[in-house]
Amino acid sequence: MKILHALAFSIALLVAAWVYLSVGNPALGFNPWIGFVAWAAFFAAGGGSAGLGKALPAGIAGILLTAITLAGVQALGGGLVPLVGLVAVLAFVLVAMADIGALSYTPAAFLGAASFFGSGGKIDISIALVALTWVVGLGFGYASESVGKKLARPA
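Counting from 2, one number per residue, gives the positions in the sequence shown under the numbering used here.
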């Protein structure tokens with residue numbers, strides 16, 4: 002089987018498992034689309050251990066920094082002005098942290114930030130659930146690549 006078809010097959014199987022896990026078991030608290038975003042971040046970062054090493058710390062940093070940003074907005078009384086100002090600072094930090102090797106994959110940082118914003122941005126257990134969903138989504142990406150490579154015929 003060609004590598005592309007092997008990857009397509011393994012991804013399809015694992016997508017079914019992810020949807021069952023995240024949608025079929027709401028008590029687990031996984032957000033299906035955040036898992037897919039992390040999965041895509043894994044492949045966009047180049048896949049493999051290196052892709053995992055890029056997408057994991059930068060994505061988690063994006064999630065946590067966004068939570069801190071939104072806590073700051075709340076502390077300042079909410080509203081558009083604090084939101085605009087602090088999100089601008091957040092964007093600066095997400096880009097500037099690329100100077101730190103482990104946090105240098107800026108797309109994952111922004112995807113993590115967007116995932117937290119998109120989840121509702123609540124400063125509660127949601128922070129941990131978004132981060133956990135990010136990690137599990139990366140795991141599904143890694144697993145889908147590994148299974149696909151095993152199914153592919155040797156070149």
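All residues carry an ideal CB built from backbone N, CA and C; glycine is no exception.
Predicted, not measured: the structure shown is a model, and the values here were computed from it.
Collapsing the DSSP output to three states places Y143 in a helix. When Cβ pairs closer than 8 Å are counted between the two stretches, the segment 15-31 is seen not to touch the segment 79-90, the count staying below three. Within the segment 99-137, the complete alpha helix (DSSP H) segments of 4 residues or longer fall at 107-119, listed in chain order.
With respect to the C-alpha of I64, the residue from G52, D125, S11 and L77 having the closest C-alpha is D125. With contacts defined as CB atoms closer than 8 Å, G102 and A39 fail to qualify as a contacting pair.
One thing to note: L139 has its Cβ no nearer than 8 Å to the Cβ of F10.
Residue environment for P155: exposed (fewer than 16 other C-beta atoms within 10 angstroms of its C-beta). Look at L77 here: in three-state DSSP terms it is coil, with no helix or strand label. Bounds of the alpha helix (DSSP H) holding A39 are P33 to A45. The C-alpha of F93 is placed about 12 Å away from the C-alpha of T70. Excluding five sequence positions before and after P33, the CB atoms of its chain that fall closer than 6 Å to its own CB belong to S23 and V24, given in chain order.
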